[in-house]
Every structure is written in C-alpha cells, then in structure tokens.
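Residue numbers (the working numbering), protein chains in the order written: chain A, 1 to 110; chain B, 111 to 225.
Using N, Cα and C, we set each Cβ at its ideal position, and we do this for glycine too.
As structure tokens, the structure follows; a few thoughts come after it.
Here it is, written out as structure tokens:
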C-alpha cells in the first residue's frame with residue numbers, strides 16, 4: 001500500500017513565526033488531506049488537496065502530485081496552532097482508505 | 111449537522127470484557143471506517159465498510175469485529191478486550207468512489223483503557 005512520510009517530526013516556534021510542514025507519499029493519490037489534532041485529541045480537517053493549492057486564512061497547502069509531495073504552510077503562527085499535524089493519503093483505483101503519516105508535533109511558544 | 115458521532119467518549123474495561131463502540135454519521139456517506147491511534151503513531155485502519163452491507167479488514171483487524179448496521183451506523187466490537195487494545199479509536203466517513211474520492215470526516219474519538 002501507499003507509504004506516507006512527514007517531516008519534521010517535531011517543530012518548536014515562537015509566536016509570529018512561519019513554518020512549512022512536508023508530506024511525501026509513495027504512489028499516485030486520489031485523496032490527500034491535512035488534519036490538525038488539537039490538545040484535546042480532536043481531528044480537525046484543514047485541507048482536502050489531492051492536487052493544486054488552497055488557502056484558508058493563515059494556512060495554505062500545495063500538493064504536487066507528479067512529484068509525490070504536499071506542503072502545509074503556517075504563517076504568523078499562534079499558540080492555538082500547537083498540536084499534531086497529520087497528512088493522510090489514499091492511492092488510485094478503488095482504494096479510498098486513508099493511510100496516515102506519523103505526524104508533526106508543532107509547539108508554538110508565546 | 112452533527113457530522114460523525116461516536117459513543118462512548120471514554121471507557122475503562124477489564125481484560126476479557128467485551129464492549130461495542132458506536133458510530134453514526136448524518137452526511138449520507140457511503141463509506142465508513144474505524145481507526146486506532148497509539149502514542150507517537152498516526153492512525154491505523156482497523157476495518158472499513160465501502161457501502162451498506164459490506165465490510166473489509168484494514169491494517170490491524172485482529173481482536174475486532176464490525177457491523178454496518180445501516181447506511182448511518184458502523185459499530186466496532188471487542189469480544190475479549192486485551193491491554194494491547196488500549197488506544198484512542200476514531201470513526202470516519204466519506205463518500206465512496208464514484209467519479210473520485212472525497213474528503214473524510216472524523217468523529218471525536220473514544221479513549222479506551224483496558225486494565
């Protein structure tokens with residue numbers, strides 16, 4: 001099945017800094033999603049982005065499907081951005097089951 | 111619109127006890143999934159249901175059974191709980207592949223401890 005790798009595993013920022021999280025995947029995808037798991041454990045949908053670029057406020061994401069990677073950009077980080085960011089993907093054909101990366105633990109300090 | 115609802119939110123079981131985790135979605139999605147999350151790891155697929163009446167094993171199915179009761183509901187059963195099943199369990203739903211895959215939505219999770 002598809003392999004999903006995220007980097008870096010941990011990231012510590014000062015409030016106001018910008019960051020880029022990376023997700024590499026091993027096969028063509030028909031679904032790629034970014035999630036934020038908040039300190040209470042809830043998984044928040046950030047982006048559904050099998051290809052292209054999307055923006056939502058301070059967050060944006062780009063997926064380059066032909067090169068098998070996706071990037072999540074966080075600008076002007078806030079303490080509420082802290083938590084684990086997961087990338088998840090499913091490969092082509094009839095496979096719609098998401099495979100998750102191990103996540104990036106982001107800590108934003110005031 | 112509640113999305114995906116899981117019950118219970120927390121549960122403590124003794125080794126050997128059984129229990130059923132309930133999941134319901136109100137988005138009229140065809141596909142539903144059960145994942146588990148262990149410390150330091152991403153989510154791993156236990157079972158999934160592509161559509162009402164079908165279920166299939168995922169990456170870590172041992173020790174679990176599932177039932178797709180109807181289009182809305184998908185339950186996960188632990189017949190004889192073991193400490194290795196201590197985890198956070200997430201239910202999810204998405205639209206089945208037709209023209210293409212669609213976004214998956216997750217419930218709030220069930221934190222299960224087996225002692």
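Proximal chain B residues relative to residue i, where beta-carbon distance stays under 8 Å
i: residue 97/A; result: 143, 155, 158 and 168
i: residue 52/A; result: Per Cβ cutoff of 8 Å: no residues; residue 52/A is ~14 Å from chain B at best.
Sequence-distant residues of its chain with Cβ nearer than 6 Å to residue i (five each side left out)
i: residue 112/B; result: 136
i: residue 142/B; result: 159, 184 and 203
i: residue 47/A; result: 34, 54 and 61
i: residue 132/B; result: 117 and 185
i: residue 31/A; result: 50 and 90
i: residue 122/B; result: 223
i: residue 134/B; result: 115, 182 and 183
i: residue 26/A; result: 2 and 3
Contact list for residue i against chain B, beta-carbon separation under 9 Å
i: residue 14/A; result: Ordered by position in chain B, no residue passes the 9 Å Cβ test against residue 14/A, which lies about 25 Å from the chain.
i: residue 86/A; result: 152 and 153
Contact set between residue i and chain A, taken where Cβ atoms lie within less than 9 Å
i: residue 282/B; result: For chain B, the structure presents residues 111 to 225; residue 282/B sits outside this window and is missing.
Under 7 Å by beta carbon: chain B residues contacting residue i
i: residue 100/A; result: 152 and 153
i: residue 45/A; result: 213 and 215
i: residue 48/A; result: 213
i: residue 103/A; result: 152
Residues that residue i contacts on chain A, provided the C-beta gap is smaller than 7 Å
i: residue 214/B; result: 33 and 98
i: residue 204/B; result: 96
i: residue 218/B; result: 42
Close-in-space but distant-in-sequence residues of the same chain around residue i (CB under 8 Å, 5 per side omitted)
i: residue 19/A; result: 11, 13, 73, 74, 77 and 106
i: residue 171/B; result: 156 and 157
According to DSSP, residues forming a beta bridge with residue i
i: residue 27/A; result: Partner(s): none; residue 27/A has no beta bridge.
i: residue 183/B; result: 134/B
i: residue 73/A; result: 20/A and 60/A
i: residue 99/A; result: 89/A
i: residue 46/A; result: Paired residue(s): none; residue 46/A is not in a bridge.
i: residue 167/B; result: 157/B
i: residue 52/A; result: 63/A
i: residue 5/A; result: 24/A
Reduced DSSP secondary structure (H/G/I, E/B, other) of residue i
i: residue 229/B; result: Because chain B in this structure spans residues 111 to 225, residue 229/B falls outside the shown range and cannot be described.
i: residue 147/B; result: strand
i: residue 202/B; result: strand
i: residue 80/A; result: helix
i: residue 111/A; result: An answer regarding residue 111/A cannot be provided, because it is not within the stretch 1 to 110 covered by chain A.
i: residue 128/B; result: coil
i: residue 195/B; result: helix
i: residue 68/A; result: coil
i: residue 220/B; result: strand
Residue i burial status per 10 Å Cβ neighbour count (16 or more: buried)
i: residue 58/A; result: exposed
i: residue 104/A; result: buried
i: residue 148/B; result: exposed
i: residue 99/A; result: buried
i: residue 49/A; result: buried
i: residue 175/B; result: exposed
i: residue 86/A; result: buried
i: residue 187/B; result: exposed
i: residue 37/A; result: buried
i: residue 120/B; result: exposed
Residues of its chain near residue i, where Cβ-Cβ distance is below 7 Å and the 5 sequence neighbours each way are ignored
i: residue 24/A; result: 5, 68 and 69
i: residue 44/A; result: 35, 36 and 38
Proximity test, residue i beta-carbon vs the ligand NAD heavy atom, cut-off 7 Å
i: residue 129/B; result: Absence of the ligand NAD is noted for the structure shown, with no ligands found whatsoever.
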